[in-house]
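Following: one structure in structure tokens, then a few remarks.
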Amino acid sequence: MQNLPSLTPGLRVAVIGAGPAGLMAAEVLAQHGAAVDVYDAMPSAGRKFLLAGRGGMNITHSEPQPDFLPRYGNRREQLAPFVRRFDAERLRDWIHALGIDTFIGTSGRVFPREMKAAPLLRAWLHRLRESGVRFHMRHRWLGWNQDGTLQLSSPEGDVSAPADAVVLALGGASWPRLGSDGAWTRILQDKQVGVAPLQPANCGFDLAWSEHFRERFAGEPVKPVVASVALPSGGMHNRRGEFVVTADGIEGSLVYALSAGLREAIAADGSARLYLDLLPDWTLEKVQSELAHPRGARSMSSHLQSRLHLKGVKAGLLREIVSKEDFADAGKLARAIKALPLTLLRARPIAEAISSAGGVSFEALDDALMLRALPGVFCAGEMLDWEAPTGGYLLTACFATGRAAGAGVLHWLSAGNRQGKQQEEQHK
Numbered sequence: 001m002q003n004l005p006s007l008t009p010g011l012r013v014a015v016i017g018a019g020p021a022g023l024m025a026a027e028v029l030a031q032h033g034a035a036v037d038v039y040d041a042m043p044s045a046g047r048k049f050l051l052a053g054r055g056g057m058n059i060t061h062s063e064p065q066p067d068f069l070p071r072y073g074n075r076r077e078q079l080a081p082f083v084r085r086f087d088a089e090r091l092r093d094w095i096h097a098l099g100i101d102t103f104i105g106t107s108g109r110v111f112p113r114e115m116k117a118a119p120l121l122r123a124w125l126h127r128l129r130e131s132g133v134r135f136h137m138r139h140r141w142l143g144w145n146q147d148g149t150l151q152l153s154s155p156e157g158d159v160s161a162p163a164d165a166v167v168l169a170l171g172g173a174s175w176p177r178l179g180s181d182g183a184w185t186r187i188l189q190d191k192q193v194g195v196a197p198l199q200p201a202n203c204g205f206d207l208a209w210s211e212h213f214r215e216r217f218a219g220e221p222v223k224p225v226v227a228s229v230a231l232p233s234g235g236m237h238n239r240r241g242e243f244v245v246t247a248d249g250i251e252g253s254l255v256y257a258l259s260a261g262l263r264e265a266i267a268a269d270g271s272a273r274l275y276l277d278l279l280p281d282w283t284l285e286k287v288q289s290e291l292a293h294p295r296g297a298r299s300m301s302s303h304l305q306s307r308l309h310l311k312g313v314k315a316g317l318l319r320e321i322v323s324k325e326d327f328a329d330a331g332k333l334a335r336a337i338k339a340l341p342l343t344l345l346r347a348r349p350i351a352e353a354i355s356s357a358g359g360v361s362f363e364a365l366d367d368a369l370m371l372r373a374l375p376g377v378f379c380a381g382e383m384l385d386w387e388a389p390t391g392g393y394l395l396t397a398c399f400a401t402g403r404a405a406g407a408g409v410l411h412w413l414s415a416g417n418r419q420g421k422q423q424e425e426q427h428k
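Residue numbers in the sequence shown follow the UniProt record's numbering, run continuously in steps of one, and reach 428 at the last position.
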């Protein structure tokens with residue numbers, strides 16, 4: 001990380017939010033002389049971080065930056081400076097310094113050796129407390145008082161907290177039971193801060209399954225397939241992977257990877273069309289040739305299983321989507337096998353999503369992630385207006401923007417600024 005100024009004693013910084021972005025900002029600040037208070041509405045730190053790591057803590061991804069940065073879509077340009085300064089290699093070095101080993105999986109994803117988030121978080125919190133960071137749990141941020149101090153609710157009632165600068169790292173609106181409820185949007189909008197509407201990202205989608213299909217196949221994985229969605233600029237976005245049929249639609253890693261485009265198509269057209277190649281390793285010509293093979297007295301379903309090895313949920317999807325007339329037509333059936341159209345009606349609720357899109361617009365921030373409308377207030381993590389697929393990209397950007405916000409505070413305070421004075425003047 002670039003050389004950062006150390007602060008004169010006595011300067012206090014409040015970090016609102018004890019997730020990865022907030023904790024990373026707190027670490028940078030404490031290392032350079034700030035007195036840091038971390039406030040969070042939850043009973044303990046890193047609640048969402050811990051739950052996300054239950055199935056295997058995917059911390060980052062090992063792919064090179066030319067492939068890594070495009071994962072941030074239309075916010076690549078804004079996030080690139082922060083991710084370059086704290087990329088996957090530096091993130092791994094930081095984890096190793098906590099005494100946690102990492103390894104690269106076969107997919108290129110990076111995991112802690114124990115595959116769990118808890119040991120990493122315990123070591124991190126211990127180091128933060130050793131550096132003087134103070135934690136105030138069950139403290140929900142409510143905004144600012146008239147004198148510019150922070151207003152928070154606590155089990156003992158409302159409290160005021162003076163601070164020379166503030167880092168907001170409040171998350172988006174996914175998994176609200178773990179603290180990311182999006183309640184901060186109204187507070188910032190009231191201060192004339194531009195906030196894009198929060199929307200589900202890395203989410204499932206609803207389809208109108210028949211009762212028979214729902215009862216028979218809900219919970220079944222569909223693999224391997226190639227899914228395709230039309231791009232606004234023309235052409236198709238194709239991705240290989242797997243997903244799961246749910247009672248209401250589809251979810252899973254393949255769907256999550258395409259969720260941004262699907263969500264935008266639904267917003268524009270009222271629904272989205274997702275095409276599935278059920279036999280991605282077969283050419284259309286080969287499928288047609290096998291279907292043209294005489295089947296004698298066998299049913300088409302038996303023929304599909306015998307010649308194409310299509311059975312179970314994949315065969316069920318064909319029966320669900322393809323009309324009886326087209327199912328009996330070998331040519332049309334072959335084309336459906338290679339491009340089965342699913343009509344997605346809506347994204348699942350944001351509370352079910354892995355992450356959220358939308359948030360504080362980058363136009364509302366300067367290059368150090370300080371709010372232009374509120375000098376001395378910095379933002380980091382998922383509450384910024386960006387999104388990324390699963391695979392370590394989400395956490396990497398949260399860590400990177402947390403470090404950037406902490407660095408921004410150091411530069412701002414070392415230049416002689418004080419938020420309290422700015423806020424007091426603003427309220428006069």
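Think of the CB as a built atom: it goes at the ideal place given N, C-alpha and C, for glycine as much as any other residue.
Grouping DSSP H, G and I as helix and E and B as strand, with all else coil, what is residue i?
i	result
Val-193	coil
Asp-40	strand
Ala-241	Residue identity differs from the one stated: residue 241 is Gly in this sequence, not Ala. Note: Gly-241 maps to strand in three-state DSSP.
Lys-223	strand
Val-13	strand
Glu-424	Annotation note: pLDDT 43 at Glu-424 (below 50); position unreliable, no value reported.
Leu-98	coil
Leu-69	helix
Asp-269	helix
Glu-251	strand
Leu-50	helix
Asn-3	coil
Met-57	coil
Leu-278	coil
Ser-259	helix
Leu-284	helix
residue 438	This structure gives no information on residue 438, because the portion of the chain shown stretches from 1 to 428.
Ala-30	helix
Leu-231	coil
Ala-35	strand
Our contact map puts residue i next to residue j with C-beta atoms below 8 Å; I'd like the distance itself, whole angstroms only.
i	j	result
Ala-388	Ala-397	6 Å
Glu-63	Gly-108	5 Å
Cys-379	Val-360	5 Å
Met-137	Met-57	Not a contact, Cβ separation roughly 22 Å.
Gly-182	Glu-382	Contact doesn't hold; Cβ gap of about 10 Å is too wide.
Val-229	Gly-261	5 Å
Ala-353	Pro-176	Actually they are not in contact, since the Cβ atoms of Ala-353 and Pro-176 sit about 11 Å apart, beyond 8 Å.
Leu-342	Leu-207	6 Å
His-411	Pro-155	About 36 Å; that fails the 8 Å criterion.
Gln-28	Arg-403	Before going on, a small fix: residue 28 reads as Val here, not Gln. Their Cβ separation, rounded to whole angstroms, is 5 Å, which keeps Val-28 and Arg-403 in contact under 8 Å.
Val-193	Leu-308	At roughly 55 Å, the Cβ-Cβ gap does not stay under 8 Å, so Val-193 and Leu-308 are not in contact.
Are the beta-carbon atoms belonging to residue i and residue j less than 7 Å from one another?
i	j	result
Gly-249	Phe-217	no
Leu-278	Lys-311	no
Ser-271	Leu-365	no
Leu-178	Arg-319	no
Asn-202	Thr-390	yes
Leu-128	Ser-356	no
Thr-60	Val-110	yes
Ala-163	Arg-12	yes
Val-244	Gly-252	yes
Ile-16	Leu-168	yes
Trp-337	Ser-174	The sequence shown places Ile at residue 337, rather than the Trp named in the question. Not in contact: Ile-337 and Ser-174 (Cβ atoms no closer than 7 Å).
Ala-14	Asp-40	no
His-139	Leu-125	no
Ala-165	Leu-413	yes
Ala-247	Gly-358	no
Gly-9	Phe-49	Per the sequence shown, residue 9 should be read as Pro rather than Gly. Result no, Cβ atoms of Pro-9 and Phe-49 do not sit closer than 7 Å.
Ala-330	Ala-292	yes
With 16 other CB atoms within 10 Å as the buried threshold, where does residue i fall?
i	result
Ala-297	exposed
Phe-103	exposed
Leu-369	buried
Asp-190	exposed
Glu-290	buried
Leu-51	exposed
Gln-65	exposed
Glu-130	exposed
Glu-89	exposed
Ser-302	exposed
Ser-210	exposed
Thr-185	buried
Is residue i near the ligand NAD, in the sense that its beta carbon is under 6 Å from a heavy atom of that ligand?
i	result
Phe-111	Ligands are entirely absent from the displayed structure, and the ligand NAD is therefore not among its contents.
Item to complete: List in chain order: all unbroken beta strand (DSSP E) runs of 3+ residues lying wholly within the segment 142-214.
Response: 150-154, 157-161, 165-168, 195-201
Worksheet item: Can you give, in chain order, each stretch of the beta strand (DSSP E) that sits fully within the segment 300-376 and has at least 3 residues?
Response: 340-344, 355-360
Fill in: Every unbroken beta strand (DSSP E) within the segment 393-419, with a cutoff of 3 residues, ordered by chain
none
Fill in: Every unbroken beta strand (DSSP E) inside the segment 85-142 [3 residues or more]
102-104, 109-112, 134-137
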